[in-house]
Each structure stands twice: as C-alpha cells, then as structure tokens.
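So the sequence shown is numbered by the working numbering: it starts at 5 and just counts up by one. Just so you know, even glycine gets a beta-carbon here, dropped at the ideal spot from N, CA and C. The structure presented is a predicted model; accordingly, all values stated were derived computationally and were not measured. Below is one structure, written out as structure tokens; comments come after it.
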Amino acid sequence: LQWRTCAENCYGDYRPAHLSVAAFQLTTARTELAGPCAYRIYDCSDLCESYNDKIGCEQSETCGPLVAEGEIGDTAYVQPNQHYLAVLEKEGYYEGYFTVFVGLSASSYANMIATLPRGMSRVVMRWDASSDLDMYVHAKLQSGAATETVSWQNVQLSDAAWEEQGVSVSLDIDNTQGFDGPETITFAGLVDGTYEVWVNIYSSSFDRDNVAAAPASVDIFCSACLDSSGFPKAGLVTSVSQDPLDRKSVV
Numbered sequence: 005l006q007w008r009t010c011a012e013n014c015y016g017d018y019r020p021a022h023l024s025v026a027a028f029q030l031t032t033a034r035t036e037l038a039g040p041c042a043y044r045i046y047d048c049s050d051l052c053e054s055y056n057d058k059i060g061c062e063q064s065e066t067c068g069p070l071v072a073e074g075e076i077g078d079t080a081y082v083q084p085n086q087h088y089l090a091v092l093e094k095e096g097y098y099e100g101y102f103t104v105f106v107g108l109s110a111s112s113y114a115n116m117i118a119t120l121p122r123g124m125s126r127v128v129m130r131w132d133a134s135s136d137l138d139m140y141v142h143a144k145l146q147s148g149a150a151t152e153t154v155s156w157q158n159v160q161l162s163d164a165a166w167e168e169q170g171v172s173v174s175l176d177i178d179n180t181q182g183f184d185g186p187e188t189i190t191f192a193g194l195v196d197g198t199y200e201v202w203v204n205i206y207s208s209s210f211d212r213d214n215v216a217a218a219p220a221s222v223d224i225f226c227s228a229c230l231d232s233s234g235f236p237k238a239g240l241v242t243s244v245s246q247d248p249l250d251r252k253s254v255v
C-alpha cells in the first residue's frame, strides 16, 4: 500500500465510478435479458451524443479505448465524469448499444432484438420520460394501389392490395409512458414503395426542453438490407434521435 498526495479533485479522480449494465428483449413485451450476455465498455469522450456513428465499430476497430468488460449483472468500474459507449452481445441476438455519461455512478440498458427471419425488419422507439409518444408508419405502394397509415389507431395494414403483395406492417407494442418501455413496429415482405416512420407527441404540447432532456430515438433493424450508403447490413442499421428544434421527426 502506497500513500499518494492529492491537492484537488481527489475524490472524483481516484475513486472509480460504478456503471450498472442491463439488456431488454423487445418482442411483444419488454423483458429483461439474463446472461450469458457480454458487455464491453469503451471510452468515447470524443463522440458520444449518439451511438449511431458507432454501429459496427468493433468490426472496424473504431469504438475507442476498451475500459471494462463483463457480463450483464456485473458492475463495471470506470473513471468518473466521462462519456462511455457500451456494446452488448448475446447469442441469437443482434448487438445492442447505448451511450451514457457516468458521474460517480450510473445505470443504462440496451434494447436487443432476436435475429430476424429473412425478409423482416423492425423499428424500435425508446424514450426515457413519462410523456406519451407514438410511432406512425405512412406506407405507400410505388404503383399507388394502396396508401395507409399504421398507428395505435390502426395497428396493421388492412387494404387488400397489401395482402396481394405479401406486405405486412404492424404495431407490436403501444406504450403510453416511456418508462414502461419502447414501442415497436414490425415490417415483413416489403416491396417497392415508401415507408416513412414518424414520431408524434400525444400526451402534451411540444416542449423543446423535455425533448432536449429525453429525446426519443428510433432504431432500425433488418434481416438483410442496404443502408443509406448502399452497403449491405444485417441487425441494427441506424439510430435516429428526435431533434428539439423539429415539431416532428421523420426517419
């Protein structure tokens, strides 16, 4: 044991912070995942407002310095007052991500999606606030034969033209409070057309301060697709966060 002399910031600089890591499975209910589920924590002080730019970073070795690793249920010990990126991995699931600022302690979680069957996609909206947000999907066939909106008022496509094309879009979960979990919409058999995902604030008027404090994020997963740059993807493709300067956000 050695004594060290410290004149300032002693408590914060030398006492490790505690980070609790969890993961949730998103299907038709929000279920906390048990192990084995590995996590790796990276220092991402350079860019941590969103994990969108870090998707697939382990394959490209661009996550940042690795500072901790373990299994969910284990506490990670990290330096306090810094931003971190977590990457979670579980057999049978796509990788999960979250970013978090850790003061002296923090807890956060990743939404994880089981590997999707071929031809299926899913969008997941997460918001950590008591307000009621809703996802809408405006779907239109390229031929113009059908245009329809899926929401809490119309939970799945019903026009016969969609069935003829083998297209399905359905709302799996409608949550009225973000603390209760996410909302998810599942897509299957998509054909040429446009499928816009919108976020709407239902329970109150637009409040920029609330959105800035707890912005909604929409994660897009697919079994096999192309990203906006034309590269093939599987699993988490992109994450879009709500902008407090916009009254609505479109993916």
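Query: Excluding sequence positions up to five away, which residues of its chain have a Cβ less than 7 angstroms from the Cβ of ASN115?; Result: PHE28, LEU30, GLY100, VAL128, ARG130, PRO186, ASP223
Query: Cβ atoms of THR119 and TYR98: under 9 angstroms apart, would you say?; Result: yes
Query: Name the DSSP bridge partner or partners of ARG130?; Result: SER221
Query: Per the DSSP calculation, CYS229 is bridged to which residue(s)?; Result: LYS237
Query: With contact counted as at least three CB pairs below 8 angstroms, one residue from each stretch, are the region 218 to 234 and the region 40 to 51 in contact?; Result: no
Query: Cα-Cα, which of ASP163, ASP136, ILE189 is closest to LEU265?; Result: Outside the modelled stretch of the chain, which goes from 5 to 255, sits residue 265, for which no answer is possible.
Query: What does the alpha-carbon distance come out to for the pair TRP156 and PRO236?; Result: 32 angstroms
Query: Between the Cα of VAL173 and those of LEU137, SER162, VAL241, spot the shortest distance and give me the residue it belongs to.; Result: SER162
Query: Are the beta-carbon atoms belonging to ALA192 and SER125 less than 9 angstroms from one another?; Result: yes
Query: Using three-state DSSP, classify ASN85 as helix, strand or coil.; Result: coil
Query: Give every residue of the same chain whose Cβ lies closer than 6 angstroms to the Cβ of ALA165, excluding the five residues on either side of it in the sequence, and list them in chain order.; Result: ALA149, ALA150
Query: ASP213 to TYR55, Cα distance in whole Å?; Result: 22 angstroms
Query: Using beta-carbon positions only, say whether ASP178 and ASP138 come within less than 9 angstroms of one another.; Result: yes
Query: Report all residues from its chain with a CB closer than 8 angstroms to the CB of THR153; omit the five preceding and five following residues, and keep chain order.; Result: TYR140, VAL141, HIS142, ALA143
Query: Assuming VAL91 and LEU23 are in contact, meaning their beta carbons sit under 8 angstroms apart, how far apart are those beta carbons, in whole angstroms?; Result: Actually they do not touch by this definition, with Cβ atoms about 13 angstroms apart.
Query: Alpha carbon to alpha carbon, how far is GLY68 from TYR199? Give it in angstroms, no decimals.; Result: 34 angstroms
Query: Tell me whether GLY60 sits in a helix, a strand or coil according to DSSP, three-state version.; Result: coil
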